[in-house]
Amino acid sequence: MNILIVGPSWVGDMVMAQTLFQCLKLRHPQCEIDVLAPEWSRPILERMPEVRKALSFPLGHGVLELATRRRIGKSLAGQYEQAILLPNSLKSALVPFFAGIAKRTGWRGEFRYGLLNDVRTLDKDRYPLMIERFMALAYEPGAELPKPYPRPSLQIDPLTREAALAKFGLSLDRPVLALCPGAEFGESKRWPAEHYAQVAEAKIREGWQVWLFGSKNDHPVGEDIRSRLIPGLREESVNLSGDTSLAEAIDLLSCADSVVSNDSGLMHVAAALNRPLVAVYGSTSPGFTPPLADKVEVVRLGIECSPCFDRTCRFGHYNCLRQLMPPSVNEALERLQGTPVEVR
Numbered sequence: 001m002n003i004l005i006v007g008p009s010w011v012g013d014m015v016m017a018q019t020l021f022q023c024l025k026l027r028h029p030q031c032e033i034d035v036l037a038p039e040w041s042r043p044i045l046e047r048m049p050e051v052r053k054a055l056s057f058p059l060g061h062g063v064l065e066l067a068t069r070r071r072i073g074k075s076l077a078g079q080y081e082q083a084i085l086l087p088n089s090l091k092s093a094l095v096p097f098f099a100g101i102a103k104r105t106g107w108r109g110e111f112r113y114g115l116l117n118d119v120r121t122l123d124k125d126r127y128p129l130m131i132e133r134f135m136a137l138a139y140e141p142g143a144e145l146p147k148p149y150p151r152p153s154l155q156i157d158p159l160t161r162e163a164a165l166a167k168f169g170l171s172l173d174r175p176v177l178a179l180c181p182g183a184e185f186g187e188s189k190r191w192p193a194e195h196y197a198q199v200a201e202a203k204i205r206e207g208w209q210v211w212l213f214g215s216k217n218d219h220p221v222g223e224d225i226r227s228r229l230i231p232g233l234r235e236e237s238v239n240l241s242g243d244t245s246l247a248e249a250i251d252l253l254s255c256a257d258s259v260v261s262n263d264s265g266l267m268h269v270a271a272a273l274n275r276p277l278v279a280v281y282g283s284t285s286p287g288f289t290p291p292l293a294d295k296v297e298v299v300r301l302g303i304e305c306s307p308c309f310d311r312t313c314r315f316g317h318y319n320c321l322r323q324l325m326p327p328s329v330n331e332a333l334e335r336l337q338g339t340p341v342e343v344r
């Protein structure tokens with residue numbers, strides 16, 4: 001049985017989608033799973049053993065390009081018995097429809113009747129977590145989900161990890177604290193640079209080294225954090241934001257002895273690598289997309305106006321993050337370091 005998954009458009013969602021792939025393999029051990037998704041997601045999918053192929057989808061988020069979607073659909077005709085759609089948009093349903101895939105499964109969304117023929121109605125109270133909404137699409141409507149829930153688990157090739165370490169001149173002679181201070185969602189998810197710098201300083205004084213991760217958009221905040229470290233400590237940090245590919249970032253994150261991250265895609269990557277993780281929440285909540293790993297500490301204030309899920313603070317103060325002080329994160333790191341964690 002060949003199954004086509006139409007994948008999500010965000011890093012964290014793609015990581016969490018592995019729970020669906022795991023459920024499909026549990027239910028249909030011999031099935032082959034291909035994922036149609038943006039090219040950037042290939043390094044994530046290649047580290048999921050459940051996925052046979054990552055199929056590059058050339059259109060950007062929100063672009064219709066009906067002729068291109070028809071062409072892609074026709075190229076996939078006759079190859080799959082089922083398609084499962086993770087986005088709820090009408091556009092995401094077009095390729096499986098044009099491919100003529102017999103069973104097209106997804107949650108009821110933007111006027112997709114006819115495009116989907118296995119339409120599910122979402123009960124948000126029954127499935128409060130995003131992974132539950134993904135996993136449920138592997139089963140018949142109303143079926144009980146298997147427990148304990150599977151967790152995303154990205155597999156690392158030691159050779160590619162060694163190559164990444166060599167490329168950036170990195171050594172594992174000291175414990176590694178990985179900092180992920182960015183968030184594509186917006187400012188309301190970003191813990192202040194000065195707070196990250198205080199956490200970095202504390203760990204460097206304990207003999208750690210600090211690696212900063214993110215996209216090229218996060219490079220300035222990485223430099224801001226480093227600039228707040230005094231000479232002698234600054235040299236024990238390296239800003240990798242925007243310099244690594246996503247594949248290299250994943251491999252290097254797998255070396256971290258601890259990770260501090262905003263609620264972001266890299267937070268979910270770190271969790272899927274089972275790294276000890278402190279997740280900093282401000283405007284959002286771990287109640288929908290929590291990091292899924294063995295050793296996680298969620299740090300948040302939970303002030304009156306949060307979670308608001310706004311990209312920018314409607315009051316302009318960002319107190320849910322600014323008033324969350326570094327000692328809370330330092331204490332969480334100490335709790336996580338009770339037992340050593342091996343690099344896998």
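Residue 265 in UniProt numbering sits at position 265 of the sequence shown, and the numbers go up by one each step.
Where is the CB? At the ideal position from N, CA and C, for every residue including glycine.
This structure is a prediction, so every number in the text was calculated from the model and none was measured.
The alpha helix (DSSP H) enclosing residue i, as first and last residue numbers
i: residue 106; result: Where residue 106 is concerned, there is no enclosing alpha helix (DSSP H), although the beta strand (DSSP E) it sits in stretches over 103 to 107.
i: residue 330; result: 326 to 336
i: residue 112; result: Premise fails: residue 112 is in no alpha helix (DSSP H) and is neither H nor E.
i: residue 22; result: 18 to 27
i: residue 166; result: 158 to 167
i: residue 221; result: 219 to 227
i: residue 247; result: 246 to 253
i: residue 74; result: 66 to 75
i: residue 93; result: Taken as a continuous stretch (DSSP letters only), residue 93 belongs to no alpha helix (DSSP H), as it is neither H nor E.
i: residue 175; result: From DSSP, residue 175 is part of no alpha helix (DSSP H); its letter is neither H nor E.
i: residue 362; result: Nothing about residue 362 can be reported from this structure: the residues present for the chain run from 1 to 344 only.
i: residue 309; result: Unbroken run through residue 309: none, as it is neither H nor E.
i: residue 231; result: Neither: residue 231 is in no alpha helix (DSSP H) and is coded neither H nor E.
i: residue 196; result: 193 to 205
i: residue 291; result: First-last for residue 291: undefined, no H or E at that position.
i: residue 273; result: Looking at the DSSP string, residue 273 is not in any alpha helix (DSSP H), and its letter there is neither H nor E.
i: residue 151; result: Taken as a continuous stretch (DSSP letters only), residue 151 belongs to no alpha helix (DSSP H), as it is neither H nor E.
i: residue 43; result: 42 to 45
i: residue 134; result: 130 to 135
CB-CB length for residue i against residue j, believed under 8 Å
i: residue 123; j: residue 189; result: With 8 Å as the limit, residue 123 and residue 189 do not qualify as a contact, their Cβ atoms being about 28 Å apart.
i: residue 254; j: residue 218; result: Going by Cβ atoms, the distance from residue 254 to residue 218 rounds to 19 Å, so no, they are not a contact pair.
i: residue 345; j: residue 111; result: Nothing can be reported for residue 345: it is not among the residues displayed for the chain, which extend from 1 to 344.
i: residue 239; j: residue 222; result: 4 Å
i: residue 326; j: residue 199; result: 5 Å
i: residue 202; j: residue 330; result: 5 Å
Identified DSSP bridge partners for residue i
i: residue 51; result: 33
i: residue 237; result: 210
i: residue 279; result: 261 and 298
i: residue 118; result: 105
i: residue 146; result: DSSP lists no partner for residue 146.
i: residue 56; result: 37
i: residue 180; result: 261
Distance CB(residue i)-CB(residue j) smaller than 8 Å
i: residue 212; j: residue 225; result: yes
i: residue 313; j: residue 259; result: no
i: residue 268; j: residue 16; result: yes
i: residue 91; j: residue 64; result: yes
i: residue 27; j: residue 138; result: yes
i: residue 105; j: residue 84; result: yes
i: residue 87; j: residue 57; result: no
i: residue 45; j: residue 134; result: no
i: residue 300; j: residue 186; result: no
i: residue 236; j: residue 204; result: yes
i: residue 89; j: residue 60; result: no
i: residue 50; j: residue 79; result: no
i: residue 152; j: residue 120; result: no
i: residue 77; j: residue 62; result: no
i: residue 278; j: residue 193; result: no
Unbroken beta strand (DSSP E) run spanning residue i, endpoints
i: residue 297; result: 296 to 299
i: residue 261; result: 258 to 262
i: residue 6; result: 2 to 6
i: residue 84; result: 82 to 85
Cβ of residue i within 8 Å of any chain D Cβ
i: residue 188; result: Reference to chain D is not applicable here, since this structure consists of a single protein chain.
Any non-hydrogen atom of the ligand ADP closer than 7 Å to residue i Cβ
i: residue 212; result: Questions concerning the ligand ADP fall outside what the structure shown contains, since it holds no ligand whatsoever.
- prompt: With contact counted as at least three CB pairs below 8 Å, one residue from each stretch, are the region 288 to 304 and the region 161 to 177 in contact?
  reply: no
message: Contact between the region 228 to 235 and the region 134 to 149 is defined here as three or more beta-carbon pairs at a separation below 8 Å; is this criterion met?
response: no
query: Would you call the region 130 to 139 and the region 243 to 251 touching, i.e. three or more CB-CB distances under 8 Å?
result: no
- request: Determine contact between the region 103 to 119 and the region 270 to 280, defined as no fewer than three beta-carbon pairs at a distance below 8 Å.
  value: no
query: Hey, is the region 3 to 10 in contact with the region 23 to 38, meaning 3+ C-beta pairs nearer than 8 Å?
result: yes
- prompt: Within the chosen definition, does the region 317 to 327 reach the region 277 to 285 through at least 3 CB pairs nearer than 8 Å?
  reply: yes
query: Are the region 293 to 310 and the region 199 to 216 touching, with three or more C-beta to C-beta distances below 8 Å?
result: no
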